[in-house]
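Chemist: Chains as they are written, first to last, in UniProt numbering: chain A, 1 to 215; chain B, 1 to 251.
Backbone N, C-alpha and C define an ideal beta-carbon position, used for all residues, glycine too.
Predicted model only: the values in this text are computed from it and were never measured.
The structure under discussion is supplied below as structure tokens; questions concerning it will follow.
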Amino acid sequence: MTLLELKDIGYQVADVTVLQQINLQVAEQDYITITGPSGSGKSTLLRIIAGLLTRTSGQLLLAGKEWADYDPILYRRQVSYAVQQPQLFGQTVADNLRFPFQIRQQNFDSKQATAALARVNLPVAYLDKPINDLSGGERQRVAILRHLLFPPQLLLLDEISTGLDNENKQILHQEIMRMNREKGVTILAVTHDNEEINGANRLVKIVAGRMEVGQ
Amino acid sequence: MNLAVSNTTLIFAVLLVFVALAIGYREKLGMNKDIIIGVIRAIVQLIVVGYLLKYVFHVNNVWLTLVLMLIIIFNAAYNASKRAAGIRHALPISLLAILSSTGLTLVVLVFSGSIKFIPAQMIPISGMIASNSMVAIGLCYRNMNTSFRDRRQQVLERLALGADLRLASIDIVRESIRTGMSPTIDSAKTVGIVSLPGMMSGLIFAGVDPVHAIKYQILVTFMLLSATSIGSVIACYLAYRQFFNEQKQLL
């Protein structure tokens, strides 16, 4: 079944056309990677899909329903957008893992949080670790868990492994593949990483705001 | 009464303005025009206010008192909103914040018997409360603008995780309220040690026993704490939403 459908999506700021005629159908549990030169509008597209920007033309449908008909906050809990250099919140790792519970007005489940940490190779003791003591790779691993504690329908990844070493890339990639296969999370990832591209079902290329569909 | 400021003494005191002008001239500050305009405005405004208050105190009419209080509150709100630098609906937000903070504080003061509902007490006290509330709200706005700019990424990430607007901005809101209230709290800590503030100084000048005068200053400290906290909270909780659009996106 189609989860996400983009019909002739365009985005214009003043006189500048950032995106035009983007058409894309994403099936449930699909794993699609998006590549393209920097400045071609990839991040803008992800932000539009995430509901953080409003397209200036076209239609955006999630599960057959127009984006504008969703409550924006509830929509974003289903379509979660992760960025390249995330900022961690509060003081400790726990503050960050607590946030997804907080926004859903649920009590923090530390067991669930430590299990999630273990899946990205971080020990239980990390729960109380100050965020300033984390390495770049560890920060990204903690940040991505914020999106995965309550698995979304669609996960948008904006070059999350750029600048990380191979070990960190591997750990992230494995966890994302697992979410895709076991939890049925649909993935749409902007990346330049070959392993990520090879692991995906489909590659989409965006050049100068237009889309080129590949294999 | 020991008050001895006559027109003659004031003319001598003008020498003090020349000190400021001389410094401005020597240091090439380019502010002499502003100093002169400031001095003239101060003189004219105070003369007008002096005669106006004399008339209002003499007439002692409830409605006239209320109208003057509202004018004070509106002016405070207008000045606070000018510091909002682009925050939408800043004037109505400031007006509601200052009206509520001044109103609530005055109600408590009047019902507790601390002040009487007569123009000679209501108008000066309203001015004190509204102006402190105005400064606090101005600080809140400035902090909000800076924080929403500096921490844009973090707010965006919170939204991306599905946070509502309040949770996406709560750190900024709290910090802005703190910023608005902190001068009042700081001055409460140093009152009497560093400064002998206006209310108390005025009473001592007028010959009131200092032990009695401090009671009024304690009252002022209480009322300013209440006014700046109410004003800051209302302004911040209404203003943060203005940084988002209807689709709950960060502007």
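1. How long is the line joining the alpha carbons of proline 37 (chain A) and valine 207 (chain A), rounded to whole angstroms?
2. Should the region 106-126 of chain B be regarded as contacting the region 59-67 of chain B, the criterion being three or more beta carbon pairs within less than 8 Å?
3. Between arginine 119 (chain A) and chain B, is the shortest Cβ-Cβ distance under 9 Å, so that the two count as touching?
4. Who are the Cβ neighbours of leucine 149 (chain A) in its own chain at under 8 Å, not counting the five residues just before and after it?
5. Should alanine 125 (chain A) go down as buried or exposed, given a rule of 16 or more other Cβ atoms within 10 Å for buried?
6. Please work out which residues of its chain come closer than 7 Å, Cβ to Cβ, to phenylalanine 57 (chain B), disregarding the five sequence neighbours upstream and downstream, and give them in chain order.
7. Check whether the Cβ atoms of isoleucine 185 (chain B) and leucine 225 (chain B) lie closer than 9 Å to each other.
8. Taking contact to mean at least 3 C-beta pairs separated by less than 8 Å, is the region 73-90 of chain B in contact with the region 98-114 of chain B?
9. With a 10 Å radius around its C-beta and 16 neighbouring C-beta atoms as the bar for buried, classify glycine 38 (chain B) as buried or exposed.
10. For the beta strand (DSSP E) containing arginine 202 (chain A), list its first residue and its last residue.
11. Measuring only between beta-carbons, confirm whether valine 13 (chain A) sits less than 9 Å from chain B.
12. In whole angstroms, what is the alpha-carbon distance linking threonine 35 (chain A) and threonine 146 (chain B)?
13. So what does DSSP say about lysine 116 (chain B), is it helix, strand or coil?
14. Going by DSSP in three states, glutamate 27 (chain B) sits in which element: helix, strand or coil?
15. Anything in chain B within Cβ reach of arginine 76 (chain A), meaning under 9 Å, just list it in chain order.
16. Cβ atoms of threonine 54 (chain A) and glutamine 12 (chain A): under 9 Å apart, would you say?
17. Sort out for me which residues DSSP pairs tyrosine 31 (chain A) with in a bridge.
18. If methionine 200 (chain B) sits next to alanine 213 (chain B), beta carbons under 8 Å apart, how far is it from one beta carbon to the other, in whole angstroms?
19. Serine 80 (chain A) versus chain B: which residues are under 8 Å apart at the beta carbon?
20. Between leucine 156 (chain B) and chain A, is the shortest Cβ-Cβ distance under 9 Å, so that the two count as touching?
21. Nearest to aspartate 171 (chain B) by alpha carbon, out of A:Arg77, A:Asp158 and A:Phe89?
22. Considering only C-alpha positions, which residue in the set A:Gly199, A:Gly64 and A:Val79 is nearest to isoleucine 49 (chain A)?
23. With 9 Å set as the bound, which would you pick, yes or no: does the beta-carbon of glutamine 153 (chain B) sit closer than that to a beta-carbon of chain A?
24. Answer yes or no: does any C-beta atom of chain B fall closer than 9 Å to that of valine 83 (chain A)?
25. Any residues in the region 122-141 of chain A with a beta carbon nearer than 7 Å to a beta carbon of chain B? Which ones, in chain order?
26. Counting only beta-carbon atoms, is phenylalanine 101 (chain A) nearer than 9 Å to chain B?
27. In whole angstroms, what separates the C-alpha of glutamine 215 (chain A) from that of arginine 202 (chain A)?
28. List the residues of chain A whose Cβ lies closer than 8 Å to the Cβ of leucine 66 (chain B), in chain order.
29. Report buried or exposed for alanine 200 (chain A), applying the criterion of at least 16 other Cβ atoms within 10 angstroms of its Cβ.
30. May I ask you to report which of helix, strand or coil DSSP gives serine 57 (chain A)?
31. Contact criterion: CB-CB distance below 9 Å. Does proline 72 (chain A) meet it with respect to chain B?
32. Following the continuous alpha helix (DSSP H) through glutamate 5 (chain A), name the residue where it begins and the one where it ends.
33. DSSP on threonine 102 (chain B), reduced to helix/strand/coil?
34. If you count every other CB in all the chains shown that lies within 10 Å of the CB of alanine 13 (chain B), and 16 or more means buried, which is it?
35. Suppose you measure from the CA of glutamate 28 (chain A) to the CA of valine 190 (chain A); what does that come to, to the nearest Å?
36. Based on the DSSP secondary-structure assignment, which residues constitute the bridge partners of glutamine 25 (chain A)?
Modeler: Straight from the coordinates:
1. Indexing the first sequence from 1 puts residue 37 (chain A) at position 37. Indexing the first sequence from 1 puts residue 207 (chain A) at position 207. Distance between the alpha carbons of proline 37 (chain A) and valine 207 (chain A) is about 7 Å.
2. yes
3. As a first step, residue 119 (chain A) must be located in the first sequence, where it is residue number 119. So no, arginine 119 (chain A) is outside the interface.
4. Your numbering for residue 149 (chain A) matches position 149 in the first sequence. Cβ neighbours of leucine 149 (chain A) beyond the five flanking positions: Leu97, Pro100, Phe101, Gln112, Ala113 and Ala116.
5. Translated into positions along the first sequence, residue 125 (chain A) becomes position 125. With fewer than 16 Cβ atoms within 10 Å of its Cβ, alanine 125 (chain A) is classed as exposed.
6. Sequence index remark: in the second sequence, residue 57 (chain B) carries index 57 (1-based). Excluding sequence neighbours, phenylalanine 57 (chain B) sits near Pro119 and Ala120.
7. Numbered from 1 along the second sequence, position 185 holds the residue referred to as residue 185 (chain B). Numbered from 1 along the second sequence, position 225 holds the residue referred to as residue 225 (chain B). It is a contact, given that the beta carbons lie within the stated cut-off.
8. yes
9. On the second sequence, position 38 is the one that residue 38 (chain B) refers to. Counting Cβ neighbours within 10 Å, glycine 38 (chain B) comes out exposed, since fewer than 16 surround it.
10. Numbered from 1 along the first sequence, position 202 holds the residue referred to as residue 202 (chain A). Annotation: the continuous beta strand (DSSP E) that includes arginine 202 (chain A) extends over 202-207.
11. The residue you call residue 13 (chain A) lines up with position 13 of the first sequence. No, no contact with chain B.
12. Locating residue 35 (chain A) in the first sequence gives position 35, counting from the first residue. Locating residue 146 (chain B) in the second sequence gives position 146, counting from the first residue. Near 35 Å, if we compare the C-alpha coordinates of threonine 146 (chain B) and threonine 35 (chain A).
13. As a first step, residue 116 (chain B) is located in the second sequence; it is residue number 116 there, counting from the start. Three-state DSSP puts lysine 116 (chain B) in coil, outside helix and strand.
14. Within the second sequence, numbered from 1, the residue matching residue 27 (chain B) stands at position 27. Note: glutamate 27 (chain B) maps to coil in three-state DSSP.
15. Locating residue 76 (chain A) in the first sequence gives position 76, counting from the first residue. The contacting residues are Leu159, Ala160, Leu161, Gly162, Ala163 and Lys248.
16. On the first sequence, residue 12 (chain A) is found 12 positions in, with the first residue counted as 1. On the first sequence, residue 54 (chain A) is found 54 positions in, with the first residue counted as 1. Against a cut-off of 9 Å, the Cβ pair of threonine 54 (chain A) and glutamine 12 (chain A) comes out as no contact.
17. In the first sequence, the residue the question calls residue 31 (chain A) occupies position 31. Bridge partners of tyrosine 31 (chain A): A:Ile187.
18. Position 200 of the second sequence holds residue 200 (chain B). Position 213 of the second sequence holds residue 213 (chain B). Rounded, the Cβ-Cβ distance is 5 Å, consistent with contact.
19. By 1-based counting over the first sequence, the position of residue 80 (chain A) is 80. Neighbours of serine 80 (chain A) on chain B, chain order: Ala160, Leu161 and Gly162.
20. Residue mapping note: residue 156 (chain B) aligns to position 156 of the second sequence, counting from 1. Interface residue, yes.
21. The residue given as residue 171 (chain B) occupies position 171 in the second sequence. When each option's Cα is compared against that of aspartate 171 (chain B), the closest is A:Phe89.
22. Here residue 49 (chain A) refers to the residue found at position 49 of the first sequence. Closest option to isoleucine 49 (chain A), Cα to Cα, is A:Val79.
23. Locating residue 153 (chain B) in the second sequence gives position 153, counting from the first residue. Yes, glutamine 153 (chain B) counts as interfacial toward chain A.
24. For the purposes of this step, residue 83 (chain A) is taken as residue 83 along the first sequence, with counting starting at 1. Valine 83 (chain A) counts as touching chain B.
25. none
26. By one-based count along the first sequence, residue 101 (chain A) stands at place 101. For phenylalanine 101 (chain A), the answer is no, since every Cβ of chain B falls outside 9 Å of its Cβ.
27. If you number the first sequence from 1, residue 215 (chain A) lands on position 215. If you number the first sequence from 1, residue 202 (chain A) lands on position 202. Confidence in glutamine 215 (chain A) is poor, its pLDDT being 45 and thus under 50, which makes the residue's placement too unreliable to answer from.
28. Numbered from 1 along the second sequence, position 66 holds the residue referred to as residue 66 (chain B). Here the premise fails: no neighbours, minimum Cβ distance about 43 Å.
29. Numbered from its first residue, the first sequence carries residue 200 (chain A) at position 200. Per the 10 Å Cβ criterion, buried.
30. Numbered from 1 along the first sequence, position 57 holds the residue referred to as residue 57 (chain A). Serine 57 (chain A) falls in the strand class under three-state DSSP.
31. The count along the first sequence starts at 1 and reaches residue 72 (chain A) at position 72. Closer than 9 Å to some Cβ of chain B, the Cβ of proline 72 (chain A) qualifies, so yes.
32. As a first step, residue 5 (chain A) is located in the first sequence; it is residue number 5 there, counting from the start. Careful: glutamate 5 (chain A) lies outside any alpha helix (DSSP H), inside the beta strand (DSSP E) at 2-13.
33. For this step, residue 102 (chain B) is matched to residue 102 along the second sequence. Helix.
34. Taking the second sequence and counting its residues from 1, one reaches residue 13 (chain B) at position 13. It counts as exposed.
35. One-based indexing of the first sequence puts residue 28 (chain A) at position 28. One-based indexing of the first sequence puts residue 190 (chain A) at position 190. For glutamate 28 (chain A) and valine 190 (chain A), the gap between their C-alpha atoms comes out near 18 Å.
36. Your numbering for residue 25 (chain A) matches position 25 in the first sequence. DSSP output for glutamine 25 (chain A) lists A:Glu5 as bridge partner(s).
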